[in-house]
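Residue numbers (my numbering): -13 to 431. Note that the Cβ used here is the ideal one computed from N, Cα and C, for glycine as well. Every value quoted in this text rests on a predicted model; they were computed, and no experiment measured them.
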Ligand SMILES: NCCC[C@H](NC(=O)CCC(=O)O)C(=O)O
């Protein structure tokens, strides 16, 4: 049996815009009200996904969500025709309308936490959609995310889909962005690392002062229980609250792991040495590479601006590892110098590839935010909805679809235009046919 780590990238939705919705996410706030280019955003994402497929990786796509979210607008009391609902919301509660129009589901690292079958007691691959309760615009994602995951990984024999955690701050859960898995071969049992920003039931535990900690320890523990993980293969790590206060709103802004490599900033965690020892002990005897980046080489501000750690570390079919980085890393002197050095350190990382994902970066989402990792064996890959897997045909179909339906200019004011709603629904309806997803959206039910 062969084993892979597949990446499922989020297709950028037709309403991609800059609304400044994410307090604590420096890029989102600083680009608030900028004009976006949904067509370019979607194409940048498709280019990256296709490039990885061309490198021999298993690559899939996850459909975006229905936005504007008329269902939520009606739920909070706006009535009338669709056009009237949009119009009233724009006048009476513009901030709520913006929240209901975000294309934030594109960052599929926040779609769910995924545990591969080798780690789970029942031998199934487990998915729990993230509840994303810390941000209104993201808290409306999990039900549709669950529908899309179930339509993509649509075989109960292999895939176990859980409901998202209870919608309360005690269970704040942001999905795979705060979760990493270390392993030898992808098919062997690994060590799952859960990184959290606060403990809901222990108010005296460290937590940030300025910005929110979006993930709780209690949420991470609940996921580990649901996924039937073994304590011997699970490590909980507290994020350093000081870096959350400097804009590290998810752990994947400061650390990333792949197989036997953990790449992280020296200030990423609390009790770093103890936690590294625990990882080593649980990982067992084979070689493990901890690549710690010191502050004197890359400061926190440079890491947050360039997204050095929001890179994907992938294992190529040759066995070598490559870093998939945003071009922003090339443009930052210290970070670029570090990436030139990292391939010489004698670790499995031998290559760096740069991709322009600026439309996403301006909202605080790098290459790693745009993908959900799913380690699978070949039987499981065969059980996936094959129309979601990237190849020449899907790439060209999706590019044509984007050209046909997406605008190349969208301002926050445009979101109230009923025409945007019509365009978005027409596009998504066609997409569900193209990817054979069935009826995953409210407007299709
Ligand atoms: N993993 C990256 C997630 C980025 C995402 N940004 C946003 O939602 C910004 C949307 C806006 O401001 O329009 C977030 O902060 O959760």
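Cβ neighbour criterion (16 or more within 10 Å) applied to residue i
{"i": "residue 424", "result": "exposed"}
{"i": "residue 29", "result": "buried"}
{"i": "residue 282", "result": "exposed"}
{"i": "residue 78", "result": "exposed"}
{"i": "residue 303", "result": "exposed"}
{"i": "residue 362", "result": "buried"}
{"i": "residue 160", "result": "buried"}
{"i": "residue -4", "result": "buried"}
{"i": "residue -9", "result": "buried"}
{"i": "residue 61", "result": "exposed"}
{"i": "residue 139", "result": "buried"}
{"i": "residue 220", "result": "buried"}
Close-in-space but distant-in-sequence residues of the same chain around residue i (CB under 7 Å, 5 per side omitted)
{"i": "residue 84", "result": "5, 7, 398 and 401"}
{"i": "residue 460", "result": "Because the chain is modelled from -13 through 431, residue 460 falls outside the range shown and cannot be assessed."}
{"i": "residue 106", "result": "112, 213, 214 and 215"}
{"i": "residue 394", "result": "23, 25 and 26"}
Residue i vs residue j beta-carbon contact at 7 Å
{"i": "residue 197", "j": "residue 240", "result": "no"}
{"i": "residue 275", "j": "residue 333", "result": "yes"}
{"i": "residue 292", "j": "residue 260", "result": "no"}
{"i": "residue 488", "j": "residue 100", "result": "Since the displayed the chain opens at -13 and closes at 431, residue 488 lies outside it and no answer follows."}
{"i": "residue 95", "j": "residue 27", "result": "no"}
{"i": "residue -6", "j": "residue 46", "result": "yes"}
{"i": "residue 57", "j": "residue 90", "result": "no"}
{"i": "residue 172", "j": "residue -11", "result": "yes"}
{"i": "residue 297", "j": "residue 310", "result": "yes"}
{"i": "residue 13", "j": "residue 350", "result": "yes"}
{"i": "residue 454", "j": "residue 404", "result": "Here the chain has residues from -13 to 431 only, and residue 454 is not among them."}
{"i": "residue 343", "j": "residue 312", "result": "yes"}
{"i": "residue 137", "j": "residue 147", "result": "no"}
{"i": "residue 36", "j": "residue 381", "result": "yes"}
Of the residues the options, the one placed nearest residue i, counting alpha carbons only
{"i": "residue 295", "options": "242, 287, 267 and 403", "result": "242"}
{"i": "residue 299", "options": "320, 389, 246 and 127", "result": "246"}
{"i": "residue 134", "options": "374, 396, 29 and 392", "result": "374"}
{"i": "residue 187", "options": "177, 180, 205 and 181", "result": "205"}
{"i": "residue 143", "options": "415, 370, 420 and 431", "result": "370"}
{"i": "residue 50", "options": "130, 119 and 320", "result": "130"}
{"i": "residue 145", "options": "411, 387, 117 and 365", "result": "365"}
{"i": "residue 285", "options": "327, 263, 232 and 331", "result": "232"}
{"i": "residue 329", "options": "249, 395, 14 and 21", "result": "249"}
{"i": "residue 314", "options": "331, 335 and 353", "result": "353"}
{"i": "residue 86", "options": "3, 153, 384 and 150", "result": "3"}
{"i": "residue 223", "options": "236, 190, 258 and 253", "result": "258"}
{"i": "residue 264", "options": "177, 327 and 357", "result": "177"}
Sequence-distant residues of its chain with Cβ nearer than 8 Å to residue i (five each side left out)
{"i": "residue 218", "result": "268"}
{"i": "residue 202", "result": "155, 156, 157, 158, 159, 182, 183, 184, 185 and 186"}
{"i": "residue 195", "result": "227 and 231"}
{"i": "residue 1", "result": "24, 53, 54, 87, 88, 89, 396, 401, 406 and 410"}
{"i": "residue 11", "result": "233, 235, 349 and 350"}
6 Å CB neighbourhood of residue i in its chain, flanking five on each side removed
{"i": "residue 126", "result": "55 and 58"}
{"i": "residue 209", "result": "99 and 114"}
{"i": "residue 287", "result": "none"}
{"i": "residue 109", "result": "103"}
Specify which residues have a beta carbon nearer than 7 Å to any heavy atom of ligand 1, listing them in chain order. 3, 4, 5, 6, 7, 8, 11, 14, 18, 88, 90, 93, 95, 96, 121, 123, 124, 163, 235, 236, 238, 349, 350, 351 and 355
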